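Before any comments, here is the structure.
In our numbering, the protein residues as written are 2 to 137.
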């Protein structure tokens with residue numbers, strides 16, 4: 002019975018993946034516009050961030066859409082195929098779960114943030130519009 006359930010969900014994933022990817026492409030949000038100096042500052046800060054993700058994971062899509070909406074240049078690392086990104090996520094991060102935001106702090110300390118809602122909140126708090134412009 003377990004094998005049947007596993008194959009059912011694999012088949013479901015094969016069927017739904019193209020629709021998830023197409024929907025993501027068709028509804029990609031427009032990025033936030035900043036003046037060039039501010040965008041350069043944000044780009045410098047995002048050099049120390051990397052998002053480990055699977056292309057068709059709905060929670061990863063949520064995190065990527067926030068990155069796009071905020072106009073952030075964060076490296077996307079596909080951890081789905083076996084390779085260096087998957088290995089780093091498992092060995093350094095401690096578990097194979099996506100999305101995962103790798104944050105390298107100025108002191109060299111590395112933080113692994115796993116929940117999509119936490120990632121979205123962190124990015125919005127750090128790089129979102131100031132409160133004064135959010136109210137208008």
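Just so it is clear, CB atoms sit at the ideal spot from N, CA and C, and this is done for glycine as well. Remember, it's a predicted structure, so these values are computed and weren't measured experimentally.
Residue i: which of the options sits nearest, CA to CA?
i, options, result
"residue 95", "28, 107 and 115", "115"
"residue 67", "128, 5, 3 and 4", "128"
"residue 99", "117, 107 and 110", "117"
"residue 45", "53, 56, 90 and 72", "72"
"residue 61", "22, 88 and 31", "22"
"residue 121", "69, 108 and 25", "69"
"residue 25", "38, 55, 41 and 104", "55"
"residue 123", "52, 97, 27 and 88", "52"
"residue 77", "106, 33, 47 and 37", "47"
Using the Cα positions of residue i and residue j, report the straight-line distance between them to the nearest angstrom.
i, j, result
"residue 8", "residue 17", "14 angstroms"
"residue 119", "residue 3", "33 angstroms"
"residue 137", "residue 75", "Note that residue 137 scores 42 on pLDDT, short of 50, meaning its location in the model is unreliable; the coordinates nonetheless yield the value given after this. Taking the straight line from one Cα to the other gives about 28 angstroms."
"residue 79", "residue 86", "7 angstroms"
"residue 90", "residue 58", "16 angstroms"
"residue 93", "residue 15", "29 angstroms"
"residue 135", "residue 5", "Since pLDDT at residue 135 reaches only 45, below the 50 mark, its modelled position is unreliable, and no value is offered."
"residue 112", "residue 20", "33 angstroms"
Can you tell me whether residue i is buried or exposed, with buried defined as 16 or more other CB within 10 angstroms of its CB?
i, result
"residue 133", "Bear in mind that the predicted position of residue 133 carries a pLDDT of just 41, short of 50, making it too unreliable to give a figure here."
"residue 50", "buried"
Say whether chain D places a C-beta atom closer than 8 angstroms to the C-beta of residue i.
i, result
"residue 11", "Going by chain labels, chain D is absent from the structure shown, which holds only one protein chain."
Would you kindly report the start and end of the unbroken alpha helix (DSSP H) that includes residue i?
i, result
"residue 90", "85–94"
(message) Quick check for students: name the residue ranges of the beta strand (DSSP E) that lie wholly in the segment 10–81, counting only runs of 3 or more.
(response) 50–54 and 76–79
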